[in-house]
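K.L.:
All residue numbers for the sequence shown refer to the numbering used here, where the first residue is -19 and numbers rise by one.
No residue lacks a Cβ here, since even glycine has one placed at the ideal position from N, Cα and C.
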Amino acid sequence: MKILFSPSKEMKFDKVVEIDWILTDEIHKIKTEIEKLSDKELIKSLKINENILQNVKQYIENLNVAKTYPAIHMYNGLSFRTMNPSSFDSNEMKYINKNLLILSAFYGPIMANTLIKPYRLDFNSSLKIDGKNLKNFWKEKYNSTINEKELVLNLASNEFSDLFDKEKYEWIDFDFYSFKDGQYKSHSTTSKKGRGWLVSYLAKNQITSIEDIRNVKDSYIYVEKLSTKNKLAFVMD
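1) Buried or exposed, going by whether 16 or more other CB atoms sit within 10 Å of the CB of Ile2?
2) Look at the alpha carbon of Tyr49 and the alpha carbon of Asn35, and state the distance between them as a whole number of angstroms.
3) Could you tell me the boundaries of the alpha helix (DSSP H) in which Met63 lies?
4) Rounded to whole angstroms, what is the Cα-Cα separation between Lys37 and Pro(-13)?
5) From Tyr55, Tyr202, Leu101, Ile23, pick the residue whose C-alpha is nearest to that of Phe159; which is it?
6) Determine the extent of the alpha helix (DSSP H) in which Ser168 is found, giving its start and end residues.
7) Is it the case that the Cβ atoms of Ala23 and Leu33 are separated by a distance below 8 Å?
8) Take every Cβ of the segment 182 to 189, pair it with every Cβ of the segment 153 to 167, and state whether three or more of those distances are shorter than 8 Å.
9) Taking C-beta to C-beta, are Lys(-11) and Glu130 nearer than 8 Å?
10) Confirm, please, whether the CB-CB distance from Asn134 to Trp151 is below 8 Å.
11) What's the call for Phe154, buried or exposed, on a 16-neighbour Cβ count within 10 Å?
12) What do you get for Val132, buried or exposed, if any count of 16 or more other CB atoms within 10 angstroms of its CB means buried?
13) Spatial neighbours of Thr170 within its chain, please: C-beta separation below 7 Å, excluding the five flanking residues on both sides.
14) Please confirm whether Ile82 and Pro65 have their CB atoms less than 8 Å apart.
15) State the DSSP-derived secondary structure class of Lys47, mapped to helix, strand or coil.
16) Going by the CB atoms, is the gap between Lys9 and Ile109 shorter than 8 Å?
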């Protein structure tokens, strides 16, 4: 089983691991292409402003510094804060390290305990690697991380999950809703919180089957009438 999860632009750096760190071939290629660009080209290619530009340049320079962070503790967006990985005990973290796959445009698909460094790159960038856009550059690597017919719980955004050949897997998508004024309403904040909550729930209850997920009664409740065979819907309780 794999649980797919998006990274976040927000980061924190309180779980530092000082270790010599070797760039993979893919990361080295991306780094090299970024270093070729002028400031103006970087702003255009990465779709960033001048304030973020300085961070990006510093991130690239620091790739040679022996200071890294476990991926699950470095990302600090709303979904990760809701997940609250610092609350996991050893068994829950073992579950997370086995099943959670965080999808990155810079590092590729990585496990929760993979040691990484700060970066700023997503698939909306026009950066080309080996003549390919980032999605085509990473597509084969993304699909090679999941076995054919394997159960995939997709909690990632389309930007990242679209790289997978979904028909090869037992693919399950998720929707998260609030219920207000007699209507089910979907909102990005609700979805981000829902994704983080579900990963935490799965880990704390060591869940490995779709049926167990359907039986969830917690901060969110499964809604059968909004669900299909390949998409499960939940509403905030």
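P.N.:
According to the structure shown:
1) On the sequence shown, position 22 is the one that residue 2 refers to. By the 10 Å Cβ count, Ile2 comes out exposed.
2) Sequence index remark: in the sequence shown, residue 49 carries index 69 (1-based). Sequence index remark: in the sequence shown, residue 35 carries index 55 (1-based). Cα-Cα distance, rounded: 17 Å.
3) Taking the first residue of the sequence shown as 1, we reach residue 63 at position 83. Taken as a continuous stretch (DSSP letters only), the alpha helix (DSSP H) holding Met63 covers 58 to 63.
4) As a first step, residue 37 is located in the sequence shown; it is residue number 57 there, counting from the start. As a first step, residue -13 is located in the sequence shown; it is residue number 7 there, counting from the start. Cα atoms of Lys37 and Pro(-13): separation of roughly 20 Å, rounded to the nearest angstrom.
5) Start at 1 with the first residue of the sequence shown, and residue 159 comes out as number 179. When only C-alpha atoms are compared, the closest one is Tyr202.
6) As a working mapping, residue 168 is identified with position 188 in the sequence shown. Start and end: 168 to 185.
7) The residue labelled residue 23 in the question sits at position 43 within the sequence shown. The residue labelled residue 33 in the question sits at position 53 within the sequence shown. Note that residue 23 corresponds to Ile in the displayed sequence, not to Ala. The answer is yes: Cβ separation under 8 Å.
8) Contact fails: fewer than three Cβ-Cβ distances are below 8 Å.
9) Position 9 of the sequence shown, counted from the first residue, corresponds to residue -11. Position 150 of the sequence shown, counted from the first residue, corresponds to residue 130. The answer is no: Cβ separation not under 8 Å.
10) What you label residue 151 is simply residue 171 of the sequence shown in a count that begins at 1. What you label residue 134 is simply residue 154 of the sequence shown in a count that begins at 1. Yes.
11) Residue numbering aside, residue 154 sits at position 174 when the sequence shown is read from its first letter. Buried.
12) Position 152 of the sequence shown, counting from 1, holds the residue named residue 132. Val132 comes out buried.
13) Working through the sequence shown from its first residue, we reach residue 170 at position 190. Shown here for Thr170: same chain residues with a beta carbon closer than 7 Å to its own, the five before and five after excluded, namely Phe156, Tyr157, Ser158, Met216 in chain order.
14) Start at 1 with the first residue of the sequence shown, and residue 82 comes out as number 102. Start at 1 with the first residue of the sequence shown, and residue 65 comes out as number 85. Not in contact: Ile82 and Pro65 (Cβ atoms no closer than 8 Å).
15) Within the sequence shown, numbered from 1, the residue matching residue 47 stands at position 67. Here Lys47 carries a coil assignment [DSSP, helix/strand/coil].
16) Taking the first residue of the sequence shown as 1, we reach residue 109 at position 129. Taking the first residue of the sequence shown as 1, we reach residue 9 at position 29. Yes, Cβ-Cβ distance for Ile109 and Lys9 is below 8 Å.
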